[in-house]
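Each remark here refers to the structure printed beneath this line.
Numbering (the numbering used here), first residue to last: 1 to 263.
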């Protein structure tokens, strides 16, 4: 799931820190998220399912009873563990670190936007209890406030504003705490139950509550007895329809969906 990028022409080189730059000295922008799911069968016929991810391409393990478990961890700037990870980075190696902010209306310099976390690592209750009353806006149908990881005001040429704290690429942002190291999640299926593994980009997830998507997939796969391929086509089409309805035909994100049934 590419989160966008830009780059100029001309000769490119790698500086002493391993950052690829244009001839002008500006860094090459652009990166992607990644989610990999591996399922292997145990001797009793159940499955151990392992997820590894960087970024926000969420994966679910959906049971035929419509319950679900996450197979990935969200690397967004509203994640308390990610905030603590960046804050605990060595001060000498990382003298300037990513700032976790809310996207506030009419605040055009992102480093001036309200901070997601207080210095003690807890979320600011003012924005948790009344986000819309303080100028924030939702980023999806789950009404989660839009958040960014941004560089401090002192950063100019290598300034970044990104909606995640881990990604593949965007190497220039690594000097501020962006990481390509994945998180791992391990789940175990129950005997006698059927499961569907779902991996999708935020262009899909922005349009659904997770519990509603779980019910919808089970209704296609079990209720209508659609094949996995047919379920992908129908669910992706429904997601795009919802995206256009919620965000407009010019503003919805790229949508990618992968399904795999177990057993």
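All C-beta atoms in this analysis are idealised placements derived from N, C-alpha and C, irrespective of residue type, glycine included.
Check: Buried or exposed: where does residue 57 fall if 16 or more other Cβ atoms within 10 Å of its Cβ makes it buried?
Finding: buried
Next item on the list: Return the Cβ separation of residue 259 and residue 231 in integer angstroms, given the expectation that the two are a contact with Cβ distance under 8 Å.
Entry: 6 Å
Check: What residues match up with residue 262 in a beta bridge as DSSP calls it?
Finding: 195
Notebook entry, point to check: How long is the line joining the alpha carbons of residue 127 and residue 134, rounded to whole angstroms?
Noted result: 7 Å
Notebook entry, point to check: How long is the line joining the alpha carbons of residue 204 and residue 88, rounded to whole angstroms?
Noted result: 33 Å
Notebook entry, point to check: Of the choices 141, 113, 131 and 101, whose alpha-carbon is the least far from that of residue 164?
Noted result: 101
Checklist line | Reference residue 178, options 83, 224, 59 and 119, closest by Cα | finding: 83
Notebook entry, point to check: Can the beta-carbon of residue 161 be found closer than 8 Å to that of residue 143?
Noted result: no
Note to self: Give me the residue from 54, 98 and 120 with the minimum Cα distance to residue 154.
What the structure shows: 98
Next item on the list: For the beta strand (DSSP E) containing residue 47, list its first residue and its last residue.
Entry: 47-54
Checklist line | Beta-bridge pairing of residue 13 - partner residues as DSSP gives them | finding: 21
Checklist line | Contact under 8 Å by Cβ, residue 69 with residue 61 | finding: yes
Note to self: Less than 6 Å between C-beta atoms, sequence neighbours within five positions excluded: which residues of the same chain meet that for residue 16?
What the structure shows: none
Checklist line | Cβ neighbours of residue 189 in the same chain (closer than 6 Å, five flanking residues each side left out) | finding: 46, 47 and 195
Next item on the list: Using 10 angstroms around the beta-carbon of residue 13, count the other beta-carbons present and answer buried if the total reaches 16, otherwise exposed.
Entry: exposed
Next item on the list: Return the residue from the list 119, 145 and 139 that minimises the CA-CA distance to residue 327.
Entry: Shown here, the chain extends from 1 to 263; a query on residue 327 therefore has no answer.
Checklist line | Under the three-state DSSP convention, the category residue 252 falls into | finding: coil
Notebook entry, point to check: In the structure shown, what three-state DSSP assignment does residue 101 receive?
Noted result: strand
Item checked: Closest by C-alpha distance to residue 206, when choosing among 254, 121, 22 and 24 -> 254
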